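Asker: Top line first, the protein sequences correspond to chains A and B.
Under this note's numbering, read the first sequence as residues 1 to 206, first letter to last.
Under this note's numbering, read the second sequence as residues 1 to 230, first letter to last.
Think of the CB as a built atom: it goes at the ideal place given N, C-alpha and C, for glycine as much as any other residue.
Remember, predicted model here, so these are calculated numbers, not experimental data.
Before I ask anything, let me first share the structure, which is written out below as structure tokens.
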Amino acid sequence: MPLSAIVKTEVSENIEKYEGRIPHLYLDTVGKVTVGIGHMLPNKAAISAVTMYKKGANNLLVLATTTEKYAEYDSIKKRPFGRSYGAASFNKYTTLIMEDADIDAQRDEHILSFYKELTDYYTTANGFTTAFDTMPIDIQKALFDMVFNLGITKLKKQYVKLNGFIKSEKWDDAAKQSNRVGISPTRNKYVFDLFKAAHNKNTKAL
Amino acid sequence: MKPKTLLCTPFIASLFGLCACQVTNIKPKEENQEPRWYNVNNFENLDSMGGSYYDLEFDATYSGTDGEMVKVKNCLEVSSLGDGKISEREFARWDLLKTDCEAAMRFYNAPKTAVSYWPSIFDLSLLKMLPSTSIPYLGGQGLDNRTGNLAKHESNLTLIESGNHSVKVSYDEMVVNYVEVARGDFNRDGYQDLFVRMDWYIEGTFGDGNDWVVFTKISPTAAPMMLWRK
Chain A
1 MPLSAIVKTE VSENIEKYEG RIPHLYLDTV GKVTVGIGHM LPNKAAISAV TMYKKGANNL
61 LVLATTTEKY AEYDSIKKRP FGRSYGAASF NKYTTLIMED ADIDAQRDEH ILSFYKELTD
121 YYTTANGFTT AFDTMPIDIQ KALFDMVFNL GITKLKKQYV KLNGFIKSEK WDDAAKQSNR
181 VGISPTRNKY VFDLFKAAHN KNTKAL
Chain B
1 MKPKTLLCTP FIASLFGLCA CQVTNIKPKE ENQEPRWYNV NNFENLDSMG GSYYDLEFDA
61 TYSGTDGEMV KVKNCLEVSS LGDGKISERE FARWDLLKTD CEAAMRFYNA PKTAVSYWPS
121 IFDLSLLKML PSTSIPYLGG QGLDNRTGNL AKHESNLTLI ESGNHSVKVS YDEMVVNYVE
181 VARGDFNRDG YQDLFVRMDW YIEGTFGDGN DWVVFTKISP TAAPMMLWRK
């Protein structure tokens with residue numbers, strides 16, 4: 001079953017809200033070379049798979065070569081990083097950019113990869129009443145939000161009680177177990193409210 | 001020898017013995033007195049911390065939830081601003097500043113010197129000795145069931161790089177940079193404590209952030225103990 005369009009639209013918007021849309025290379029707070037919507041490049045070789053352009057004459061975009069992308073990676077990797085350096089502050093040190101369509105495609109790949117992790121874990125075979133795709137839309141959105149920054153391993157291992165309540169579809173109790181540390185209170189409330197909404201819809205249906 | 005001298009000798013000897021004991025107790029304390037310390041590299045263009053909270057000034061800019069830029073100049077402004085004004089994409093960067101300010105506040109409140117049993121260098125061997133709960137807490141299950149030290153609990157702990165006051169390691173699909181932010185007697189018990197920030201990210205996800213812990217060490221042989229955490 002494909003990912004619900006409603007869920008995809010909302011998670012696409014959210015991921016951009018959380019990560020920003022930065023067309024040039026930058027270093028995040030821990031010094032990882034990053035581009036687009038939070039797309040981390042684990043090493044120099046990884047940039048060869050990213051479509052980037054350099055500005056040519058009359059602002060025409062010319063496809064960057066692998067050598068040019070490597071040079072850009074090396075140049076940014078040497079810059080200082082940390083909380084004093086926001087993503088936009090790296091713009092003046094860059095010569096290459098990504099186009100919006102490529103950033104969107106990169107984001108969609110991430111979403112699909114997380115979707116696969118969610119559908120592989122939230123299955124009836126793993127003890128859940130319903131599989132991920134047949135869970136309420138609000139729950140799908142909430143789990144997407146959590147898997148974005150925890151990954152499926154941490155979501156599985158660290159949130160044992162939460163998953164227990166998801167198994168028994170006790171959305172109200174799951175809401176109370178959904179709190180994450182290190183994200184904004186607004187984002188925590190967003191996920192809490194999604195579980196609550198699923199609970200309220202369930203209650204009304206009964 | 002006169003009887004009077006004979007009578008006095010044990011008393012004088014025991015007095016010397018007592019003094020010797022006192023000297024033995026005090027001497028290491030004098031030797032181990034260390035000044036409080038703050039990692040000034042945490043603040044750009046900062047050479048010294050000064051003597052009070054008001055001496056620490058900086059220029060930090062964040063995008064706000066309303067689209068406007070939010071500027072803060074000192075830690076008092078940071079603590080009064082609250083989290084709700086900062087855009088979500090800037091939250092990790094904002095949270096880092098909050099942690100550095102938290103450490104600065106504790107640094108200023110600590111006595112100028114204290115007895116220290118910490119090694120002078122914050123390195124992998126020290127990191128391995130920290131309690132096993134010295135990992136970033138991301139939410140969900142608590143860390144109470146973790147016992148022993150970090151090396152014992154995280155057997156796949158791998159060194160990525162060591163800096164002047166930091167050690168970057170990976171374990172359990174997570175990369176954690178442990179940064180020594182401050183040293184000082186934060187709980188005022190006479191012994192120097194260590195404020196450590198843990199900058200983390202989870203490989204293959206968008207998750208990153210920081211957590212912090214404070215450790216104490218009350219004797220040369222005592223294992224580091226956790227005093228507080230975020």
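Does R229 of chain B come out as helix, strand or coil in the three-state DSSP assignment?
Answerer: DSSP places R229 of chain B in strand when its eight states are reduced to three.
Asker: Name the chain B residues that come within less than 8 Å of Q158 of chain A, Cβ to Cβ?
Answerer: Simply L138, G139, G140, Q141.
Asker: With 8 Å as the threshold, decide whether the Cβ of Y18 of chain A is near any Cβ in chain B.
Answerer: So, interface residue.
Asker: Count the other CB atoms within 10 Å of the CB of V11 of chain A; is the residue buried (16 or more) or exposed (fewer)?
Answerer: Its Cβ being crowded by 16 or more others within 10 Å, V11 of chain A is buried.
Asker: Measure the C-alpha to C-alpha separation of Y108 of chain B and D172 of chain B and round it to an integer number of angstroms.
Answerer: Taking the straight line from one Cα to the other gives about 36 Å.
Asker: Using the Cα positions of Q177 of chain A and M146 of chain A, report the straight-line distance between them to the nearest angstrom.
Answerer: Each residue's Cα considered, the two are about 12 Å apart.
Asker: Does Y38 of chain B have its Cβ less than 8 Å from a Cβ in chain A?
Answerer: Not closer than 8 Å to any Cβ of chain A, the Cβ of Y38 of chain B fails to qualify, so no.
Asker: Which of helix, strand or coil does DSSP assign to I111 of chain A?
Answerer: I111 of chain A falls in the helix class under three-state DSSP.
Asker: If we cut at 8 Å on Cβ distances, does L159 of chain B have a partner in chain D?
Answerer: The structure shown contains no chain D; its protein chains are A and B.
Asker: Just list the residues that DSSP pairs T34 of chain A with in beta bridges.
Answerer: Beta-bridge pairing links T34 of chain A to A:Y26, A:M40.
Asker: Quick check on G151 of chain A - is its C-beta less than 8 Å from some C-beta in chain B?
Answerer: It does; some Cβ of chain B falls within 8 Å.
Asker: Taking L96 of chain B as the query, report the chain A residues whose CB atoms sit under 8 Å from its CB, ordered along the chain.
Answerer: T29, G82, R83, listed in chain order.
Asker: Note the first and the last residue of the continuous beta strand (DSSP E) segment covering A88 of chain A.
Answerer: Where A88 of chain A is concerned, there is no enclosing beta strand (DSSP E), given that its DSSP letter is neither H nor E.
Asker: Output needed in chain order: residues of the segment 173-197 of chain B with a Cβ under 9 Å from some Cβ in chain A.
Answerer: Residues E173, M174, V175, N177.
Asker: Does DSSP classify K73 of chain B as helix, strand or coil?
Answerer: Reduced to three states, the DSSP call for K73 of chain B is coil.
Asker: Would DSSP call E233 of chain B helix, strand or coil?
Answerer: Any question about residue 233 of chain B goes unanswered here, given that chain B covers just 1 to 230.
Asker: Considering just the uninterrupted stretch of the beta strand (DSSP E) at A60 of chain B, what are its terminal residues?
Answerer: Element bounds for A60 of chain B: 60-63.
Asker: Could you check whether the Cβ of D211 of chain B sits closer than 8 Å to any Cβ belonging to chain A?
Answerer: With 8 Å as the cut-off, D211 of chain B counts as an interface residue toward chain A.
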